[in-house]
Structure formats: C-alpha cells, structure tokens
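In my numbering, the protein residues as written are 1 to 675.
Structure representation (structure tokens):
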C-alpha cells in the first residue's frame, strides 16, 4: 500500500471517529434538555395555556437545528454551536422585521393546540395579544406596500430625535417633546386566580397638575388646557380632553396623535411585571386613576380602525377587554366583532363565541348574533368547504336564528346599506314590525350595530346569502317557530334596563345617530369627555378639593350675602338651597349646565334637520359647521337673570319686613283712637 493511500485511509478513520463523538455528544446534550422540558410540564405553577400563543420562531429554530445537524459537513461537527450562532446573527441581520403571519394559518397548522383551547376552563387565553400586530405601520405596509411606508419612515428618521425612547403601543413622532416623568406610576395589588392586579398612582406633583386640569375644565376654555399641555406635554387627561376638542374641530389627525402621545405616557409608567400580552393583567375601572388608560385604548383603536388598520385595532380591542373581562366597563364586546370581521380574523371570532357563549350569552347581543354567522360564511368561502347544493351549514342556521330573534334589525340594515331585497320577503309580517315597539336597550344595540357594521353587508355575495336565509326565516316564522315567540316574550324583561357601560360605550363611539337615540335623562346629564359616566362605586387615591369661586363666577346662590338675604324670605328652604348648590358643583353651577344642554340640543337639532333635508339622496356632502355660540354672552345672561331674580326676591323681602314693622304702629294707633 502506498503512503498516499495509507494517509487517505487514516483520514477517513479520523472522520468516522469525529462523527461518532459528535453523535455521542449530541445524545448527551439532548438528554438534559428533554428532562428540563418534562420538569416544566410537571411544575404546578406553570400556565397550561402558555403553549397556545407561542410564536413560530421556536418551531422555525427547531426545524433549522434539525436541518443544520443533517446537512453540516464533517468540519463543522466539531463546533456546531458556534456555527449556529453565526447563522442566527446573519439571519437577524438580513431580516430584522419578519413579516407577520396570518393567525388563521397559525391556528390551522396547530390543530392540536386548538383542541386544547376548546377544552380549556379559562377562555381568557383567547385574548392574548400578539405584539407583532400592535404596530399600525406594519399593517399599512401590508396594505399599501412597503415602499410607500418605508419612504415615509426614512423621512421621519432623518429628523428623529434620539431622546425618544422606543415604545410598542404607539410610535413616537419626531416632533414630540421629550417624555418626562410627571409622577404617573403603576403599582401591583397582588395575584389572585392566575391574574395580576395593578393600579395607577398619582404622585403629589402629578396631583397638583391634575388639580390645575380640573380648574381648567371648569372654565370651559380650551386655552387653559392647552396651557397645561404646553408646560406638561404628557399629562394624560389634558391629552384626552384636547383630543376631543380636535375631533370636534374635525382635525382627526391631531386628535389621533394626542391619543398616541397619551399611550406613550402610560407605557413609560408600566410596572415591570405588567405583561399586557398574556391576558392576565387586570385593572379596576372603579379607581379613577385607571379609567384614563381604558379610555385611551378605546379611542386609539377607534382612530386606527378609521385609518383601515382593523387587524391592529383588533389587538388593542383584545387588550382592552382583557384588562377587565368580567365587567367590561367600556363594552369592548360591542366592537370586537367588527374589528375581527374587518380584519379577516374569522376564526378568532368564532372561537371567542364558542368559548364565551356558555357563561356570557353572547348570542343575546345583536352584534354577535349577526357577525358570527357572517364570519362563518367568510371562513367557509376562504377554506372552500361550502359548495353549491350543499346541506344547511352552521352559518345559515345561526343567521336564521338571528333574523327570528331580531327581525327589526333587517329593515334598518337594508335602509342603511341602500339596498332592497325581494318584496315578498321584506313585506312579511316578521320584518314589518316597528322598531319603536322594542325595549329601549334592544333598540340602542340594534342601531349601534347597524351604524357601525352596515358596510360588512354590502358585498353582493353577502346580500345573496342574506336573502336566501331570509326566505328560510320567513318559512320558519310561518311554521310558528318557538324561537321567535319565546325570545319576544323574554326580550321585554331582558332589555328593559340598559347597563351603564353600554351608555358609556355609545357616548365615546362618535356615532351621532346613536347618541341622539339616548334617553333624555342621559343626554341632559353633564358628561366629562375625559371621564364619561364614572361608576357609582368610584374611588380615588386623593380627594378633589371644592373649588372656591368668586361672587360672580358661579351661581348667584353661592354668594354669602345673597344667601343671607334669601334666608329672610318666608318661603326659604335651606335643604332645597343646599341641594341646588350641590347639583351645580363641578360644572360651574346650574346656569352653566342648562346653557350647555341647550347648546348641545341646538347642535343636534341642526344636524338632524340637515340630514332630514337630504334623506334618500346619495353621496350627501358633510354638513357645514353649525353657527358658533357665544357662550360668554349666554353665561352673562344667565348671571344677569339670576341677579334680577335675587333683586326681585330682595325687594319682596324688604316689603315684607317694612310691612311687618308697620303693623305694630297701626295697631297702636287704632288702640289709642279707640281709647
């Protein structure tokens, strides 16, 4: 054997020994990993639903690891970990932002996990938030293309300030001031039933700013609130109030930007254990310091949904609902179906309905009764499982049930969409019942769904499917289907009382036609846009002091001299007077409250008259702004009118006093004359 052949034989033997050692080392390394995973599964403190929302990165890494071990050459077998790290670094450098995957595809790939979710005793795991979908710019990139969005981002980064810390819930703008610590912090209250409870706190310095804000609100002058924002750009209640001022001025971009700034302020104060993506962090809405965060999330998802980022809005809606899923203080369940259908997340809505229906009765809400079958219809079309001439599907059955339970919704839905169906169907007695006969709560819920979700029913294939199921619903009504009669009997009692959170949801939803349908006792109540309809059991870490006004700043009854003069009147009632002063507190007095209600009624009547004049027309232009109201002049009239009343009361009191003094003299004169 030649020396060359001998060296080749030795080299082959070395390669065989190296590969055997590598396989032995691989087995030794894999054993402790297997043991550690088994230990994690046996740990009682582990969350059994943590595997449901795992990202695909772990699967990709495991596949890459197996692929590496199978394809690496013999030279790399000596240092597999070092090569793996270099490969990961190279992949991270080439693809810094992986493209988010469709959640429906993720659920289809993990059918075993979906079965585990159905048997799960805790359905709140469906509300876990995917951080990849919290950025509206990513969704804009998928809608309009990466080049358009990337060009705008390059222009922004050229002027971006380095002191703006990165955030997840909102992206700071280059024009924003530096995020400062005002004294807004988050504290942990404890852990109960796998949930962590937190609350926001205001430091003494922040409380002083808050007191200035309340004083500015009482002046009804937006410039006072703007002055607070100039000094403290991240005061959340001032941002919420100025956002509403911008919205009323039709500056939607500025209103949305102010809400995003409030989100950044909240995120910079989060507790280190506040992991909002896991759906196990709770906030109590009855605490006043927490309510601003709920309101900020709701308005943010409303604005990004208006921009067309419905997938991102769905994630924020899940976050909002997960903060307090039992009470749902802002009724996120009334909008989550719209975000899911518009965002194409049909499977999520169906899973949420099946998981929550047994204990929340979601089918009794008109929005779920109609949106769930619509999601099933779109999901079946996407999966190509429904063919022509097929049997009755679950989507058809649930839509027919919805039409039997809420027949009054169909006429207003068709009217809002501007379409007509077969007169033989729409003229049936099932669909001709007037909506005024429905309970107040049910009327509000149906009008709310139609105003928000009518665009989902305008597609031709959806209208065809709707008409076909209307025919079946009419046939079932002719056969005296018990669903219609039983539900009608229970509806009067079930929807007679409207919960406070539904009123709160309607007031902050920016749907004027639904707001105008609220009862008078709600529209005539003074409502603060930064804290609409606070709960009766509201608590706060500190008390708001009573603001002392001057003699001419509030109601005339607050003047001590006038109160003394009123006490001279024979019909003076100190209990009624105290109730009048208490009723005017916080809103600038009774006169200011009445003045604001009259102004709101005039503006509402102005818009109602405008739309009534253009009823039935297509492409109605937006109405011009209503004539401005001189609030100062009206307030002056209120004060002068009150002073006039006091003057008349004073003169009457003086006449009574003079008459009382003159009576003894007349009596003495008459007695002397008799003598």
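We put the beta carbon where it would ideally sit given N, CA and C, even for glycine.
These numbers were taken from a predicted model, which means no experiment stands behind them.
With a cut-off of 8 angstroms on the beta carbons, I'd call residue i and residue j a contact; round off their distance for me.
i           : j           : result
residue 440 : residue 492 : Not really, about 11 angstroms apart at Cβ, beyond 8 angstroms.
residue 330 : residue 294 : 6 angstroms
residue 517 : residue 404 : Not confirmed; about 24 angstroms, so no contact.
residue 356 : residue 365 : At roughly 11 angstroms, the Cβ-Cβ gap does not stay under 8 angstroms, so residue 356 and residue 365 are not in contact.
residue 196 : residue 273 : 6 angstroms
residue 271 : residue 186 : 4 angstroms
residue 395 : residue 430 : Contact flag wrong, Cβ pair sits at about 20 angstroms.
residue 277 : residue 131 : 6 angstroms
residue 341 : residue 456 : 6 angstroms
residue 332 : residue 538 : Between residue 538 and residue 332 the Cβ distance is about 20 angstroms, and since that is not below 8 angstroms, they are no contact.
residue 351 : residue 126 : 6 angstroms
residue 541 : residue 202 : 6 angstroms
Might you give, ordered along the chain, the residues of its own chain that have their beta carbon closer than 7 angstroms to the beta carbon of residue i, omitting 5 neighbours on each side?
i           : result
residue 297 : 316, 319 and 320
residue 465 : 377
residue 244 : 529
residue 63  : In this predicted model, residue 63 has a pLDDT of only 44, less than 50, meaning its place in the structure is not dependable enough to derive any value.
residue 428 : 474
residue 349 : 337, 340, 341, 371, 372 and 375
residue 124 : 279, 322 and 325
residue 359 : none
Taking the beta strand (DSSP E) that residue i falls in, what are its first and last residues?
i           : result
residue 191 : 184-192
residue 200 : 195-202
residue 452 : That residue, residue 452, is in no beta strand (DSSP E); its alpha helix (DSSP H) goes 440-453.
With a CB to CB cut of under 8 angstroms and the five nearest residues on each side skipped, what residues in its chain are close to residue i?
i           : result
residue 693 : Since the displayed the chain opens at 1 and closes at 675, residue 693 lies outside it and no answer follows.
residue 446 : 366, 406, 408, 409, 412, 435 and 438
residue 73  : Summary for residue 73: the model assigns pLDDT 40, below 50, so the residue's position carries little reliability; its value from the coordinates is reported in the next sentence. The answer is none, since no qualifying residue turns up.
residue 425 : 431, 467, 470, 471 and 474
residue 225 : 213, 216, 217, 238, 241, 242 and 245
residue 400 : 469, 472, 473 and 476
residue 501 : 327, 328, 329, 330 and 331
Based on Cα-Cα distance, which residue from the options lies nearest to residue i?
i           : options               : result
residue 529 : 203, 248 and 363      : 248
residue 545 : 206, 245, 215 and 129 : 215
residue 450 : 257, 418, 481 and 202 : 418
residue 338 : 325, 614, 310 and 205 : 310
residue 314 : 327, 334 and 326      : 334
residue 532 : 515, 507, 519 and 541 : 507
residue 207 : 237, 322, 220 and 279 : 237
residue 527 : 504, 239 and 538      : 504
residue 536 : 188, 286 and 222      : 286
residue 416 : 402, 453 and 382      : 453
residue 170 : 193, 189, 138 and 190 : 138
residue 239 : 218, 213, 219 and 221 : 213
residue 257 : 615, 221, 223 and 307 : 307
residue 194 : 259, 281, 172 and 221 : 281
residue 323 : 199, 348 and 459      : 199
residue 510 : 191, 203 and 252      : 252
residue 230 : 275, 192, 180 and 490 : 180
Between which two residues does the alpha helix (DSSP H) holding residue i run?
i           : result
residue 263 : 252-267
residue 315 : 310-323
residue 230 : 222-231
residue 507 : 500-507
residue 356 : 346-360
residue 406 : Looking at the DSSP string, residue 406 is not in any alpha helix (DSSP H), and its letter there is neither H nor E.
residue 496 : It is not in any alpha helix (DSSP H) - residue 496 carries neither H nor E in the DSSP assignment.
residue 245 : 236-248
residue 338 : 336-342
residue 512 : 512-515
residue 367 : 366-383
Please confirm whether any heavy atom of the ligand MG lies closer than 7 angstroms to the CB of residue i.
i           : result
residue 415 : Absence of the ligand MG is noted for the structure shown, with no ligands found whatsoever.
With DSSP as the reference, please indicate the residues paired to residue i in a beta bridge.
i           : result
residue 528 : 531
residue 281 : 196
residue 287 : 539
Grab me the residues of residue i's own chain with a C-beta within less than 6 angstroms of its C-beta, minus the 5 sequence neighbours each way, in chain order.
i           : result
residue 513 : 451
residue 255 : 243, 246 and 247
residue 301 : 313, 316 and 317
residue 354 : none
residue 129 : 277, 315, 318 and 319
residue 177 : 233
residue 625 : none
residue 495 : 439, 441 and 442
residue 220 : none
residue 260 : 170
residue 458 : 417
From the beta carbon of residue i, is the nearest beta carbon of chain B less than 8 angstroms away?
i           : result
residue 314 : Note that chain B does not occur in the displayed structure, where there is just one protein chain.
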